[in-house]
Amino acid sequence: MATDRDIAVLIGRVALRDRAAFAQLYSHVAPKLFSVCLRILKDRGEAEDALQDVFVKIWQRADRFAATGTSPVGWLVAVARYHSIDVLRARRPSADPLDEDWQIEDPSADPERDAVLTGEGKRIDRCMEELDSDRAAAVRSAYVEGLTYQELAERHSVPINTMRTWLRRSLLKLRECLDR
Amino acid sequence: MSRPDQSEGDRSRDQLLAGEYVLGVLSEADRRRVEERMLRDRPFAAMVANWSDNLSGFNGDYGDEVPPPQVFGKIEVKLFPVRSFGRELSAAGAWWNSLLLWRGLTFASLAALITYVSLQSGWIGAAPPSKTLVAHMNGDGATSVGLMARYDTANGRLKVLPVAASADAARSLQLWLVPDGGQPPVSLGILPQTGEGSVDIPADLRPRLRNGVTFAVSVEPFGGSPTGQPTGPVIASGKAQDI
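As they're listed, the protein sequences go chains Z and W. Heads up, the first sequence is in our numbering, so the first residue is 387 and it goes up one at a time. Heads up, the second sequence is in our numbering, so the first residue is 70 and it goes up one at a time.
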């Protein structure tokens, strides 16, 4: 099993245009990234196409990884998630969020903290426990499955504006908890 | 609309936008706006990075799903279009068609080889003092030949390092320059079977080693092609390109 460090080294070699490293990286992480594409796109053919494009992006953008300071697998999953979400949004356009919901009280107020990366994201589980369970579930499925506000609203049988408010309040609570 | 490009917008709003971007709930248009803003607004980009890091704890929800075996090949085709060398060369002359036949008959065990050639930027231009052209020819399978070639414009010497030669000793590997524009291939010489060697490029050919030309390696009778044109299977090929 490849460690985070192994994966980081492989990404570094890919940035140097090392095709053998690219093949190794593929064999290590393709199953995980294919799972990401499948979970979001829910269609094997589309997920296979997406996986191809994801690895094309990984080849093209490997040199940017070093600057991100994130975990290597986290970076790779982010490439796969964002690409799959883009494919999904292009297929099913979602409504733009409305302006009026932006005025939500912000429980945190420390501008210095934003620039600091907090590590691995382990604390997210503890902070999720502070949310109501249905809101926590909405946050999680938005992330994992790439659902739109509309789809989340349908799944939870609430109006779309209610779902927007849920998610935005949840995000602010999470931010406050994570920065605590 | 959320006006994600408003750089002096209030912080909680930016935090929300960054969080929504990472969650994935934004529309396509808003996703593009957020990405454009990240390029020029570092504090905002840091917010996005922070959320991305925080929420990556959810990545454990993704399992492992082995993709179909042909996917990697398709990725390579997208990234390394020199694989379509056969198609490119079919326009260059009938010799290629006979090579395809040869390839099928004689060296069926050799995997298709890919050449990755990179020109150091600035190599093309008015009399560079000393520049290097590097070609890395990779094989896919255990039976293939890997070659590293380095061309120095200062002395016109092409150094070749076979990385994993498995060529039959009774044959020679011959390097060819395939000009663009459909002209016939020109021999650049015989490659060493093992160990590092070099090929001196004749002075009159040196100006032709430039962006867009194709290198190819064929398997020939020991000592080289008897006809002056490739007669055996092409086991490596690739286009020189600026990167």
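Built from N, CA and C at the ideal position, the CB exists for glycine as well. Quantities reported herein were computed from a predicted structural model and do not represent experimental measurements.
Exercise. Count the other CB atoms within 10 Å of the CB of F408(Z); is the residue buried (16 or more) or exposed (fewer)?
Worked result: That one is buried.
Exercise. Going by other Cβ atoms of all chains shown within 10 Å of its Cβ, with 16 needed for buried, is T548(Z) buried or exposed?
Worked result: Classification for T548(Z): exposed.
Exercise. Going along the region 430-445 of chain Z in order, which residues come within less than 7 Å of chain B, judged by CB to CB distance?
Worked result: Any reference to chain B falls outside this structure, whose protein chains are Z and W.
Exercise. Is the Cβ of N280(W) closer than 8 Å to any Cβ of chain Z?
Worked result: No, because no Cβ of chain Z sits closer than 8 Å to the Cβ of N280(W).
For this session: On a CA-only basis, which of L402(Z), A436(Z) and H414(Z) is nearest R448(Z)? Give me that one, please.
Result: One detail in the question is off: residue 448(Z) reads as Ala in this sequence, not Arg. If we check each option's Cα against that of A448(Z), L402(Z) comes out closest.
Problem set entry | Within 9 Å of chain W by C-beta, residues of the region 509-522 of chain Z in sequence order | Correct list: R509, I510, D511, C513 and M514.
Exercise. Residue range of the alpha helix (DSSP H) that I397(Z) falls in?
Worked result: From DSSP, the alpha helix (DSSP H) with I397(Z) extends over D390 to A401.
Exercise. Does any CB atom of chain W fall closer than 8 Å to the CB of L396(Z)?
Worked result: Output row for L396(Z): interface = no.
Problem set entry | Strand pairing of S256(W), partner residues [DSSP] | Residue pairing from DSSP places S256(W) in a beta bridge opposite W245(W).
Exercise. Given that a residue counts as buried once 16 or more other Cβ atoms are within 10 Å of its Cβ, and exposed if not, what is S125(W)?
Worked result: By the neighbour-count criterion, in which a residue is buried when 16 or more other Cβ atoms sit within 10 angstroms of its Cβ, S125(W) is buried.
Exercise. Does any residue of chain Z bring its CB to less than 8 Å from the CB of E105(W)?
Worked result: Taking 8 Å as the CB threshold, E105(W) stays off the interface with chain Z.
Problem set entry | the region 539-554 of chain Z / the region 98-108 of chain W touching (three or more Cβ pairs under 8 Å) | Taking a cut-off of 8 Å on C-beta distances, the region 539-554 of chain Z does not touch the region 98-108 of chain W, as fewer than three cross pairs fall below it.
Exercise. Applying the criterion that 16 or more other CB atoms from any shown protein chain within 10 Å of the CB defines a buried residue, is Q84(W) buried or exposed?
Worked result: Under this definition Q84(W) is a buried residue.
Exercise. Between D520(Z) and H542(Z), which are expected to be in contact by the criterion C-beta below 8 Å, what is the C-beta distance as a whole number of angstroms?
Worked result: Contact between D520(Z) and H542(Z) holds, since their C-beta atoms are separated by about 6 Å, short of 8 Å.
Exercise. Between T300(W) and the rest of its own chain, which residues show a CB-CB distance below 7 Å, the 5 nearest in sequence each way excluded?
Worked result: Contacts found: E289 and S294.
For this session: Quick one: which residues of the region 119-139 of chain W get their C-beta closer than 7 Å to a C-beta of chain Z? List them in chain order.
Result: Within the region 119-139 of chain W, the residues whose Cβ lies closer than 7 Å to some Cβ of chain Z are N119, S121, D122, N123, L124, S125, G126, F127, N128, D130, Y131, G132, D133, E134, V135, P136 and P137, listed in chain order.
Problem set entry | 8 Å Cβ cutoff, V463(Z) in contact with chain W | Closer than 8 Å: yes.
Problem set entry | Where the region 532-550 of chain Z meets chain W: residues whose CB sits under 7 Å from a CB there | Listed in sequence order: G532, T534 and Y535.
Problem set entry | C-beta atoms of S439(Z) and H469(Z) nearer than 8 Å | Note that residue 439(Z) is Asp in the sequence shown here, rather than Ser. Yes.
Problem set entry | L242(W) beta carbon less than 8 Å from that of L278(W) | No.
Exercise. So, using beta-carbon positions, are F441(Z) and I144(W) closer together than 8 Å?
Worked result: Against a cut-off of 8 Å, the Cβ pair of I144(W) and F441(Z) comes out as a contact.
Exercise. Expressed to the nearest angstrom, what Euclidean distance is found between the alpha-carbon atoms of G88(W) and F420(Z)?
Worked result: A straight-line Cα-Cα distance of about 24 Å links G88(W) and F420(Z).
Problem set entry | Collapsed DSSP secondary structure at L517(Z) in the structure displayed | Residue state, collapsed to three classes: coil.
For this session: Determine the closest residue to P248(W) out of I270(W), N224(W), G93(W) and N280(W), with distance taken between C-alpha atoms.
Result: For the residues I270(W), N224(W), G93(W) and N280(W), the minimum Cα distance to P248(W) belongs to N280(W).
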